[in-house]
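First comes the structure, then the notes that go with it.
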Amino acid sequence: MIKVENLEKHFGTKRAVAGITFSLERGEILGFLGPNGAGKSTTMRMLTGFIPPTAGSITVGGHDMLENPIPAKKLIGYLPENAPSYTDMTVYGFLSFCAELRGLSGEARKKAVHRAIEMCFLEPVMHQSTDTLSKGYKHRTCLAQSILHDPDILVLDEPTDGLDPNQKHEARQLIRRMGEKKAIIFSTHILEEVDAVCTRAIIIDRGKIVANGTPADLRARSEIAGAVSLRVIGTAAEAVKSRLGLVTGAKRASIVKEEGAIVWARVYPEAHSQNGALARYVADTAVKESWKVEELHTEEGRLDEVFRHITWSETGKQEEKP
Amino acid sequence: MNDGARHIWTITKRELSGYFASPVAYVFIVIWLLLNGVLTFLLGGFFEQGQADLANTFFTWHPWLYLFLVPAAGMRLWAEERRLHTMELLLTMPITAWQAIVGKFLASWLFLIIALALTFPVVITVSALGNADGGAIFTGYVGSAMLSGSYLAITCMTSAMSRNQVISFILAVVICFLLILPGIPPVTDFLLSAFPEKVVRLINSFSVYWHFLGFQRGVLDSRDLIFFASVAVFALFSTSVIIRNLRAG
Numbered sequence: 050m051i052k053v054e055n056l057e058k059h060f061g062t063k064r065a066v067a068g069i070t071f072s073l074e075r076g077e078i079l080g081f082l083g084p085n086g087a088g089k090s091t092t093m094r095m096l097t098g099f100i101p102p103t104a105g106s107i108t109v110g111g112h113d114m115l116e117n118p119i120p121a122k123k124l125i126g127y128l129p130e131n132a133p134s135y136t137d138m139t140v141y142g143f144l145s146f147c148a149e150l151r152g153l154s155g156e157a158r159k160k161a162v163h164r165a166i167e168m169c170f171l172e173p174v175m176h177q178s179t180d181t182l183s184k185g186y187k188h189r190t191c192l193a194q195s196i197l198h199d200p201d202i203l204v205l206d207e208p209t210d211g212l213d214p215n216q217k218h219e220a221r222q223l224i225r226r227m228g229e230k231k232a233i234i235f236s237t238h239i240l241e242e243v244d245a246v247c248t249r250a251i252i253i254d255r256g257k258i259v260a261n262g263t264p265a266d267l268r269a270r271s272e273i274a275g276a277v278s279l280r281v282i283g284t285a286a287e288a289v290k291s292r293l294g295l296v297t298g299a300k301r302a303s304i305v306k307e308e309g310a311i312v313w314a315r316v317y318p319e320a321h322s323q324n325g326a327l328a329r330y331v332a333d334t335a336v337k338e339s340w341k342v343e344e345l346h347t348e349e350g351r352l353d354e355v356f357r358h359i360t361w362s363e364t365g366k367q368e369e370k371p
Numbered sequence: 006m007n008d009g010a011r012h013i014w015t016i017t018k019r020e021l022s023g024y025f026a027s028p029v030a031y032v033f034i035v036i037w038l039l040l041n042g043v044l045t046f047l048l049g050g051f052f053e054q055g056q057a058d059l060a061n062t063f064f065t066w067h068p069w070l071y072l073f074l075v076p077a078a079g080m081r082l083w084a085e086e087r088r089l090h091t092m093e094l095l096l097t098m099p100i101t102a103w104q105a106i107v108g109k110f111l112a113s114w115l116f117l118i119i120a121l122a123l124t125f126p127v128v129i130t131v132s133a134l135g136n137a138d139g140g141a142i143f144t145g146y147v148g149s150a151m152l153s154g155s156y157l158a159i160t161c162m163t164s165a166m167s168r169n170q171v172i173s174f175i176l177a178v179v180i181c182f183l184l185i186l187p188g189i190p191p192v193t194d195f196l197l198s199a200f201p202e203k204v205v206r207l208i209n210s211f212s213v214y215w216h217f218l219g220f221q222r223g224v225l226d227s228r229d230l231i232f233f234a235s236v237a238v239f240a241l242f243s244t245s246v247i248i249r250n251l252r253a254g
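First to last, the sequence lines map onto chains A and B. Our numbering numbers the first residue of the first sequence as 50 and each following residue consecutively. Our numbering numbers the first residue of the second sequence as 6 and each following residue consecutively.
Structure, rendered in structure tokens:
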């Protein structure tokens, strides 16, 4: 549905987006991750036809966004960053206006507006002026605007920004539900959101794609992915560490923390794809040594760690904490 | 109605109802009518001149009244879109930038024309008092509407230049003032003392004030119409260039 090739955007001498290529199909929910200023919003603005790229091409549903923007824009629903709306209009009036610009009229427009109001839980405020709304409602009003015409493609720039935890949950469920029939791309810097919603994630840093894969793929790139963590009580930390280092398949062991008689330790595997074998060996060892083990599990890897690792290694030599 | 016209009309409707949704529109109209009344009947010497004529008492003030009121009415058009970031929303809709520019312009212009139409009691007064020249009054109104349209187009342009409405306002006033200047009597007199008449007439012809004079006298000259229309079209075209540059970054 969306095909982006070698997209570049320069602002003066600054390269905000420096060659991005990706594509998106119906049924996919793509999470767009990156530190602030990485080029997420700029990319989305180009995707939706708001700003023209310096170089590269954008094809939306077979239409070139630069050559033929109107049919391309018709396929897209867009929630811009900070969810703008006209402050002199009511929620209903604002949505009606947007629906009219989308080419809906008469009964069809009324229906579309009511459907969007229902989907975004806006009934209580529909006759309120948009500048009197709380941030959550403002956001949902703009989100409602993006789904009025039931578009095939949704581009959402930080759709859950400024929402409370309940609203975040609702917004994510809405996105997941809509993602079954649409192609959705949304940006966020909340990593748990990626796990909760996305079928695929792209991490961009300084205008370039630095990772592209399913959330599980990305997690597996974490340093601790496949490592076995355990909590032992009543054994000296040094003894645990040196014994764990000798377990079959272990590369090295480390003490995560120590509190009184309780020791948290972690064993790193020699290879990533051991499928729990390391956990078995660690368990066997613990039994042999008669350790009092309170907890033992294999780490899946953590997205935030991967994120930090990828987006930091580009800029400097900051070391990860173990 | 084709798509383009429908989009323009949608935007015009929204902007126009935006005016009347706030008390600002009513305040604006009241000020406009009050100033017109004061200037016509007190300063203009409407009763003293003893003639059923609106040119020297009523229309003659319009270039000066509009100088402040039109930028005040139009300064928010694009500045507000930029400040609220709704421009991003508007221009990612399946419409062209031109449709948005024309739609917004038309809304403000209609508002100004409504305000102008509300001066009708002046026409009733002058008709009741004497044998008014209906033709001259009509062309005066047409000229006044053309004048406000060209000021407004300039205001659209300055409005797109800044997200600060005050800056838009001041820029518009300055540019409109420069467009009045070459045609007003003191400047013309001064120029005549220095240059041959042909040159002075050429300089005069760059003035909205000068072109408005014909309308006031009851002359509907295509040159005057074309002048106002081309000022407006040029300013709106500049608006589109400014907006394109804004988007290109």
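Beta carbons: idealized from backbone N, C-alpha and C, even for Gly.
At a CB-CB cut-off below 7 Å, which residues of chain A make contact with residue i?
i                  : result
Ser-164 of chain B : Within chain A, no residue comes near Ser-164 of chain B; the closest Cβ sits about 16 Å away, beyond 7 Å.
Ala-112 of chain B : Per Cβ cutoff of 7 Å: no residues; Ala-112 of chain B is ~13 Å from chain A at best.
Arg-19 of chain B  : Phe-146
Ala-253 of chain B : Ile-100 and Pro-101
Gly-23 of chain B  : Asp-137
Which residues in the same chain have their Cβ closer than 8 Å to the Cβ of residue i, if we skip the five residues on either side of it in sequence?
i                  : result
Ile-231 of chain B : none
Ala-260 of chain A : Ala-250, Ile-251, Ile-252, Leu-267, Arg-270, Val-355 and Ile-359
Thr-65 of chain B  : Gly-49 and Gln-221
Phe-143 of chain A : Ser-134, Tyr-135, Thr-179, Thr-190 and Gln-194
Below 6 Å CB to CB, which residues in the same chain sit around residue i once its five sequence neighbours on both sides are set aside?
i                  : result
Asp-271 of chain A : Note that residue 271 of chain A is Ser in the sequence shown, not Asp. Around Ser-271 of chain A: Gly-350, Arg-351, Glu-354 and Val-355.
Ala-165 of chain B : Trp-83, Thr-244, Ile-247 and Ile-248
Pro-371 of chain A : With a pLDDT of 39 at Pro-371 of chain A, under the threshold of 50, the modelled position of that residue is not reliable, and the figure given next carries that caveat. Hits under 6 Å: Ser-303.
Phe-242 of chain B : none
Glu-54 of chain A  : Thr-70, Gly-105 and Ser-106
Gly-154 of chain B : Trp-114 and Ala-237
Ile-313 of chain A : It should be pointed out that residue 313 of chain A corresponds to Trp in this sequence rather than to Ile. Closer than 6 Å at Cβ, skipping near neighbours: Arg-280, Val-305 and Lys-306.
Thr-108 of chain A : Lys-52
Thr-163 of chain B : Ser-173, Leu-176 and Ala-177
With a CB to CB cut of under 7 Å and the five nearest residues on each side skipped, what residues in its chain are close to residue i?
i                  : result
Val-296 of chain A : Val-316, Tyr-330, Val-331 and Thr-334
Gly-325 of chain A : Thr-347
Leu-38 of chain B  : Leu-123 and Thr-124
Phe-59 of chain B  : In the sequence under discussion, the amino acid at residue 59 of chain B is Leu, which differs from the Phe named in the question. Excluding positions up to five away in sequence, the list reads Val-127, Val-131, Ile-142 and Gly-145.
Ile-189 of chain B : Tyr-214
Ala-165 of chain A : Leu-144, Ala-193, Ile-196 and Leu-197
Answer with buried or exposed for residue i, where buried requires no fewer than 16 other C-beta atoms within 10 angstroms of its C-beta.
i                  : result
Lys-341 of chain A : exposed
Phe-99 of chain A  : buried
Thr-97 of chain B  : buried
Thr-263 of chain A : exposed
Phe-174 of chain B : buried
Glu-241 of chain A : exposed
Glu-149 of chain A : buried
Phe-195 of chain B : exposed
Val-35 of chain B  : exposed
Asn-24 of chain B  : Correcting the residue identity first, residue 24 of chain B is Tyr in this sequence and not Asn. Buried, by the Cβ-count rule.
Ile-185 of chain B : buried
Phe-110 of chain B : buried
Ala-67 of chain A  : buried
Phe-217 of chain B : buried
Gln-222 of chain A : exposed
Val-43 of chain B  : exposed
Val-336 of chain A : exposed
Ala-161 of chain A : buried
Thr-34 of chain A  : Nothing can be reported for residue 34 of chain A: it is not among the residues displayed for chain A, which extend from 50 to 371.
Which residues of chain A have a Cβ atom closer than 9 Å to the Cβ of residue i, listed in chain order?
i                 : result
Ser-27 of chain B : Asp-137
Gly-67 of chain B : Residue 67 of chain B is actually His in this sequence, not Gly. Per Cβ cutoff of 9 Å: no residues; His-67 of chain B is ~28 Å from chain A at best.
Interface residues of chain A around residue i at Cβ under 8 Å?
i                 : result
Thr-15 of chain B : Phe-146, Glu-149 and Leu-150
Show which residues of chain B have a CB atom less than 9 Å away from the CB atom of residue i.
i                  : result
Ser-271 of chain A : Simply none; closest approach about 36 Å.
Taking Cβ-Cβ distances shorter than 8 Å, what residues in chain B pair up with residue i?
i                  : result
Asn-131 of chain A : His-90
Ser-106 of chain A : Near Ser-106 of chain A there are no residues of chain B at all, since even the closest Cβ is about 17 Å away, more than 8 Å.
Phe-60 of chain A  : Gly-254
For a contact meaning CB atoms closer than 7 Å, what does residue i contact in chain B?
i                 : result
Thr-97 of chain A : Thr-97
Check: What are the start and end residues of each continuous alpha helix (DSSP H) run of 4 or more residues lying completely inside the segment 134 to 191 of chain A, in chain order?
Finding: 140 to 150 and 155 to 168
Check: Between the segment 200 to 220 of chain A and the segment 236 to 245 of chain A, are three or more C-beta pairs nearer than 8 Å?
Finding: yes
Note to self: My parser needs the alpha helix (DSSP H) runs of 4 or more residues fully inside the segment 75 to 111 of chain A; what are they?
What the structure shows: 89 to 96
Note to self: Count Cβ pairs between the segment 165 to 174 of chain A and the segment 51 to 59 of chain A that sit closer than 8 Å; are there 3 or more?
What the structure shows: no
Next item on the list: Please go through the segment 167 to 201 of chain B and give each complete alpha helix (DSSP H) segment of 4 or more residues, from N-terminal end onward.
Entry: 170 to 185 and 190 to 199
Next item on the list: Decide yes or no for the touch test of the segment 58 to 74 of chain B against the segment 59 to 78 of chain A: beta carbon pairs closer than 8 Å, at least 3 of them.
Entry: no
Next item on the list: Identify every run of the alpha helix (DSSP H) within the segment 10 to 77 of chain B, keeping only runs that are complete inside it and at least 4 residues long; order them along the chain.
Entry: 28 to 42
Item checked: Cβ contact check for the segment 128 to 140 of chain A and the segment 186 to 198 of chain A: 3 or more pairs under 8 Å -> yes
Notebook entry, point to check: With contact counted as at least three CB pairs below 8 Å, one residue from each stretch, are the segment 76 to 90 of chain B and the segment 100 to 118 of chain B in contact?
Noted result: yes
Notebook entry, point to check: the segment 74 to 102 of chain B: which residues have C-beta closer than 7 Å to a C-beta of chain D, in chain order?
Noted result: The structure shown has no chain D; the protein chains it does contain are A and B.
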